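Report on the following structure.
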Amino acid sequence: MSPNQDSESGPKISRREALRQGAWGAAGMLLAGGLASGSRAAEPGKTQPEAKAKSVIQIFLWGGMSHNDTWDPKPEAGREYMGEFSAVIPTNVDGIQIGALFPELAKQADKYSLIRSMTHGNNGHETAAYLMQTGHAPGERLAYPSVGAVFALFKSPGYTGMIPPYVVLTKPQGRFSEEGFLGPKFKPFATGGDPNAMRFEVEGVVARNITDDRQKARRELLGKMNTLGNLMAASPQMVAAAEAKEQAYELILGAGKEVFDLSKEKPELRDRYGRHTFGQECLVARRLVETGVPYVVINYPGGWDTHKDHFQTMRRQAPQLDQGLAMLLQDLSDHGLLETTIVWCCGEFGRGPKVDWQPPWNGGRNHYGKVFSVLVAGGGFKGGRVVGSSDEKGEEVKERPVYPVDLLGSIYKLSGIDSGARLPHPMGAEAYVLPAASEGAKSAGLLTEIM
Numbered sequence: 096m097s098p099n100q101d102s103e104s105g106p107k108i109s110r111r112e113a114l115r116q117g118a119w120g121a122a123g124m125l126l127a128g129g130l131a132s133g134s135r136a137a138e139p140g141k142t143q144p145e146a147k148a149k150s151v152i153q154i155f156l157w158g159g160m161s162h163n164d165t166w167d168p169k170p171e172a173g174r175e176y177m178g179e180f181s182a183v184i185p186t187n188v189d190g191i192q193i194g195a196l197f198p199e200l201a202k203q204a205d206k207y208s209l210i211r212s213m214t215h216g217n218n219g220h221e222t223a224a225y226l227m228q229t230g231h232a233p234g235e236r237l238a239y240p241s242v243g244a245v246f247a248l249f250k251s252p253g254y255t256g257m258i259p260p261y262v263v264l265t266k267p268q269g270r271f272s273e274e275g276f277l278g279p280k281f282k283p284f285a286t287g288g289d290p291n292a293m294r295f296e297v298e299g300v301v302a303r304n305i306t307d308d309r310q311k312a313r314r315e316l317l318g319k320m321n322t323l324g325n326l327m328a329a330s331p332q333m334v335a336a337a338e339a340k341e342q343a344y345e346l347i348l349g350a351g352k353e354v355f356d357l358s359k360e361k362p363e364l365r366d367r368y369g370r371h372t373f374g375q376e377c378l379v380a381r382r383l384v385e386t387g388v389p390y391v392v393i394n395y396p397g398g399w400d401t402h403k404d405h406f407q408t409m410r411r412q413a414p415q416l417d418q419g420l421a422m423l424l425q426d427l428s429d430h431g432l433l434e435t436t437i438v439w440c441c442g443e444f445g446r447g448p449k450v451d452w453q454p455p456w457n458g459g460r461n462h463y464g465k466v467f468s469v470l471v472a473g474g475g476f477k478g479g480r481v482v483g484s485s486d487e488k489g490e491e492v493k494e495r496p497v498y499p500v501d502l503l504g505s506i507y508k509l510s511g512i513d514s515g516a517r518l519p520h521p522m523g524a525e526a527y528v529l530p531a532a533s534e535g536a537k538s539a540g541l542l543t544e545i546m
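FYI, the numbering for the sequence shown is 96 to 546, going by our numbering.
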């Protein structure tokens, strides 16, 4: 399997089938067998770190968002670098300024930290996404699982919720196979639908044009017609099948479904998140971590691949990102969840600091992996800080480079996952959560200054 393989390829498994097969409980067996050898031999005695974070919300700005226009503005660089967005605003933390398109996030700066020196130097969508989501270099012989799939593997044994442990709102990224060599049981539960619609039609949970009463009637009819199953109801196989069926129905008709029902939230709160797809995705994410879901990804609808029409796109999307993300941080804090929930937001890379005014781009920004910005909050990350810096035009890292291994390693550490633990490979190959420096991985160290 290639690390660049599209996420829609490979074995398919429906949501209900996953429940019937006990997909979420399978992680326990994998851990018991595949991880028995523990960490690398070069790291003897390494213990499981204490977990401060119970859940993670990843906001993935696929396509890459400009750091100059957003969280690392360079107002003195001039129109050649800042284009139409040279204005900056202060935040509620002295000394920290961000782009003027983010007034709501400016009010929440005490809750998050900004990494302004993220770097990997990769300018390809698929390869950069793979690097940011796995920490492993693309092109190796193994296709590693994404951070979400790793969470599903490690957190499943202790997770008792009805919702699968790795949820994507609303579509998979599609840049690579997120489950990697762990297999289809660790693919994300992609909801589909639109949480901003009148009815959030979650794939496999909320059926279009079918009422709950009709679903219940179908269930009762199926139960009456299943004569063979009723005769063998006491057999261990049928007992297990019945339990799995009850889980599936609980997800479709019970408490599991209610998690996605935003009508249970006050209209005023929904307005504060923003009555747009991204804003309502953020509200769903809060409800998911409130029920204990370990890993939630919001793949930003529409993306940020702004080679052209950059400034027009930023005017439309930046206010939505600002509103939804700022309200998510506030709402998590209000619910007492921010201390135990990591929020991180970035793309696979940034956008070129120098505006491309030539046709056909006419004021666009191209792929840029040399330096870009990341927002991190909660779950043990301190707020009101800035890590690293870029140079005066945002073209190079100036101080304190942060590599994918450093960022993901910090998230794993705060979540109680040993980044040196061995992963279960179906053919027994040696594979670990993150690569070590001895394997050529670039690293400048964990983000201890904000942990």
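Glycine residues also receive a C-beta, built at the ideal position from the N, C-alpha and C atoms. Computed from a prediction, not measured in an experiment: that's the story for all the values here.
Below 8 Å, enough C-beta pairs join the stretch 348-366 and the stretch 246-265 to call them touching: three or more.
Its chain contains 458 as the residues whose beta carbon lies nearer than 7 Å to that of residue 452, once the 5 sequence neighbours on both sides are disregarded; these appear in chain order. Distances from the CA of residue 434 to each of 477, 445 and 394 were compared; the closest alpha carbon is that of 477. By the neighbour-count criterion, in which 16 or more other beta carbons inside 10 Å mark a residue as buried, residue 510 falls on the buried side.
Uninterrupted alpha helix (DSSP H) stretches at least 4 residues long and entirely within the stretch 148-218 occur at 174-177 and 198-201, given in chain order. For residue 507, the three-state secondary structure derived from DSSP is helix. As computed with DSSP, residue 394 is found in a beta bridge with 155.
Residue 381 and residue 237 have their C-alpha atoms spaced approximately 34 Å apart. Put simply, the backbone Cα of residue 415 is about 33 Å away from that of residue 280. Note: residue 366 is not bridge-paired with any residue in the DSSP secondary-structure output. Counting along the chain, the unbroken alpha helix (DSSP H) around residue 225 starts and ends at 220-229. Distance check between residue 388 and each of 497, 246 and 542 places 246 closest, using alpha-carbon atoms only.
For the options 366, 192, 515 and 436, the alpha carbon positioned closest to that of residue 385 is the one of 436. Note on geometry: alpha-carbon atoms of residue 520 and residue 454 lie some 48 Å from one another. Scanning its chain for C-beta atoms nearer than 6 Å, with the 5 sequence neighbours on each side dropped, one finds around residue 448 the residues 163, 176, 488, 489 and 490, in chain order. In the structure shown, the three-state DSSP call for residue 271 is coil. The stretch 528-543 and the stretch 215-233 touch, with no fewer than 3 CB-CB distances between them shorter than 8 Å. Under the three-state reduction of DSSP, residue 284 is assigned to strand. Nearest neighbour of residue 446 by Cα position, chosen from 431, 432, 373 and 462, turns out to be 462.
With fewer than 16 other CB atoms across the displayed protein chains lying within 10 angstroms of its CB, residue 189 is exposed.
Sequence-distant Cβ neighbours of residue 376 in its own chain, meaning closer than 6 Å and more than five residues away, are 264, 290 and 393.
A straight-line Cα-Cα distance of about 15 Å links residue 492 and residue 161. In this structure, DSSP gives residue 423 a helical state, which the three-state scheme calls helix.
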